[in-house]
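FYI, the numbering for the sequence shown is 21 to 346, going by the numbering used here.
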Amino acid sequence: MAFPRHRPRRLRTTPALRRLVAETTLEPRQLVLPMFVADGISESRPIASMPGVVQHTRDSLRRAAADAVAAGVGGLMLFGVPRDEDKDPTGSVGVAEDGILNVALRDLASDLGDDTVLMADTCLDEFTDHGHCGVLDSAGRVDNDLTNKRYVELAVAQADSGAHVVGPSGMMDGQVAAIRDGLDAAGHTDTVILAYAAKFASGFYGPFREAVGSSLRGDRRTYQQNPGNAREALHEVELDIDEGADIVMVKPAMGYLDVVRAAADLSPVPVAAYQVSGEYSMISAAAANDWIDLQTVALETLTSIRRAGADIVLTYWAADVAGWLA
Ligand code: PBG
Numbered sequence: 021m022a023f024p025r026h027r028p029r030r031l032r033t034t035p036a037l038r039r040l041v042a043e044t045t046l047e048p049r050q051l052v053l054p055m056f057v058a059d060g061i062s063e064s065r066p067i068a069s070m071p072g073v074v075q076h077t078r079d080s081l082r083r084a085a086a087d088a089v090a091a092g093v094g095g096l097m098l099f100g101v102p103r104d105e106d107k108d109p110t111g112s113v114g115v116a117e118d119g120i121l122n123v124a125l126r127d128l129a130s131d132l133g134d135d136t137v138l139m140a141d142t143c144l145d146e147f148t149d150h151g152h153c154g155v156l157d158s159a160g161r162v163d164n165d166l167t168n169k170r171y172v173e174l175a176v177a178q179a180d181s182g183a184h185v186v187g188p189s190g191m192m193d194g195q196v197a198a199i200r201d202g203l204d205a206a207g208h209t210d211t212v213i214l215a216y217a218a219k220f221a222s223g224f225y226g227p228f229r230e231a232v233g234s235s236l237r238g239d240r241r242t243y244q245q246n247p248g249n250a251r252e253a254l255h256e257v258e259l260d261i262d263e264g265a266d267i268v269m270v271k272p273a274m275g276y277l278d279v280v281r282a283a284a285d286l287s288p289v290p291v292a293a294y295q296v297s298g299e300y301s302m303i304s305a306a307a308a309n310d311w312i313d314l315q316t317v318a319l320e321t322l323t324s325i326r327r328a329g330a331d332i333v334l335t336y337w338a339a340d341v342a343g344w345l346a
């Protein structure tokens, strides 16, 4: 095939022409802002490895959430950081009505109502004293089915507290089906499940572990996926859709754009991708050295994730992007 008369630069001549032929959109409503809320602090606390991201107090969370929603972000994903002394082997503080995540969900639900999409991380790692995403058996292994029972309690507590969306991120087998059944039985038939369907055992979660004060020693490789496994990732996506996931997510994003594309091609439901803490920190650090331009690179990575097929992107820059694009 030859196109002797084609000069692709012709369509790049003016900003208006470039805008007219742009294939990929990046809009604030497609972005979800992950936020951290900590118990037992009186002022918001910076996260050293994630410049610009903080652990919020309940009050500072309310203000920052209102600002992000006013700026136009599509949703908020909340992570709770309990006090160390409240962590236990089964993550009870995640289920407790007065646990920090559930309290913060009620705050935001009452402030924001249906003006935004309120999401919660449905996982145990922030709440357990051993830092694993599940409950351990007597040999110290993560017990799949016992963990799913706990996830149901977590999801119901989060839905009771006002979450529109629960986000099971622990990669247990059957977690989506268990949570769907549990939510329905509790009358939460409208609560959406955003399933972390293909979640890889990634070094890029490093800064997040500081962000939530993780107690984990060891790794998550018995439940998170091998970074080299693409076919298995698509199997996980299909299983989650079959179990009732309303949205499926691939995580991390940038190193896994092939998986995002393949998931987008097969999925009948919306696909999300999570630009995780390490992706944010890496770019922030390079920009702080003036090695790259933060805004240019952040927008380029998010556009690339959209181009790969993600309908929704979770990013710590969600509110910033809304400002940049305004
Ligand atoms: C698990 C969870 C993690 C992240 C989101 N949900 C940590 C992990 O799996 O180790 C990581 C997010 C990020 O790195 O930005 N609750």
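The beta-carbon is built from N, C-alpha and C at its ideal position, and this holds for glycine as well.
In its own chain, which residues sit with a C-beta less than 8 Å from the C-beta of residue i, not counting the 5 before and 5 after it?
i, result
"R161", "T242"
"D131", "R82, A85 and A86"
"L46", "L319, L322, T323, R326, V341 and L345"
"I312", "I303 and A306"
"A116", "N122 and A177"
What's the C-alpha gap between residue i and residue j?
i, j, result
"V296", "A206", "32 Å"
"D149", "Q178", "20 Å"
"E105", "T316", "42 Å"
"V348", "D285", "Beyond the ends of the chain as shown, which are 21 and 346, falls residue 348; an answer cannot be given."
"V196", "A68", "34 Å"
"E146", "S112", "11 Å"
"L96", "T167", "25 Å"
"G329", "L254", "14 Å"
"R251", "I61", "44 Å"
"E230", "M70", "9 Å"
"S287", "D118", "37 Å"
"D210", "D180", "12 Å"
"M55", "A273", "18 Å"
"P28", "L37", "12 Å"
"F228", "N309", "22 Å"
"G343", "A22", "43 Å"
Could one say the Cβ of residue i lies closer than 9 Å to chain B's Cβ atoms, at least one of them?
i, result
"P290", "Given the protein chain composition of this structure (a single chain), no chain B is represented."
DSSP on residue i, reduced to helix/strand/coil?
i, result
"I120", "helix"
"L203", "helix"
"T335", "coil"
"L166", "helix"
"H255", "helix"
"P28", "helix"
"V186", "strand"
"D239", "coil"
"M21", "coil"
"D108", "strand"
"F224", "helix"
"I261", "helix"
"L128", "helix"
"L144", "coil"
"L37", "helix"
"G275", "helix"
"G343", "helix"
For the putative contact between residue i and residue j, defined by C-beta atoms under 8 Å, what is the C-beta separation to the nearest angstrom?
i, j, result
"A217", "A265", "6 Å"
"V289", "V270", "With a Cβ gap of about 13 Å, V289 and V270 do not count as contacting."
"T142", "V186", "5 Å"
"T77", "E63", "7 Å"
"L121", "L156", "Actually they do not touch by this definition, with Cβ atoms about 21 Å apart."
"G133", "G223", "Rounded, the Cβ-Cβ distance is 39 Å, inconsistent with contact."
"L387", "S304", "There is simply no residue 387 to check, as the chain begins at 21 and stops at 346 in what is shown."
Just tell me which of the options has its CA closest to the CA of residue i.
i, options, result
"D331", "P102, A293 and T34", "A293"
"L214", "L138, V89 and F147", "L138"
"P102", "G95, G114 and A91", "G114"
"T136", "A116, W311 and L53", "L53"
"N246", "R29, G275, E230 and S62", "G275"
"L128", "S80, A306 and R170", "S80"
"V57", "A22, R29, G100 and F23", "G100"
"A91", "D108, K169, D210 and P48", "P48"
"G154", "L121, K107, R27 and D210", "K107"
"G190", "G119, R200 and F220", "F220"
"Y171", "L156, A22, A198 and G298", "A198"
"H208", "V176, S222 and G248", "V176"
"Q244", "R126, V291 and Y225", "Y225"
"D262", "P28, R200 and R29", "R200"
"G249", "D278, D239, V212 and G238", "A small fix is needed here, since residue 249 is Asn in this sequence, not Gly. Nearest C-alpha to N249: D278."
"L174", "S158, A159 and G202", "G202"
Could you pull out every residue in the same chain whose Cβ sits closer than 7 Å to the Cβ of residue i, ignoring the five residues on either side in sequence?
i, result
"L51", "V93, G94, V333, T335, A338 and V341"
"N164", "M192 and D193"
"P66", "V74"
"V399", "The first residue shown for the chain is 21 and the last is 346, placing residue 399 beyond what the model contains."
"D260", "V196, A215, A217 and V268"
Starting from the C-beta of residue i, find all residues in its chain whose C-beta is less than 6 Å away, skip the five residues before and the five after it, and write them out in chain order.
i, result
"G151", "D145, S234, S235 and L236"
"E256", "A217 and A218"
"D59", "P102, R103 and I120"
"A282", "L254"
"D204", "none"
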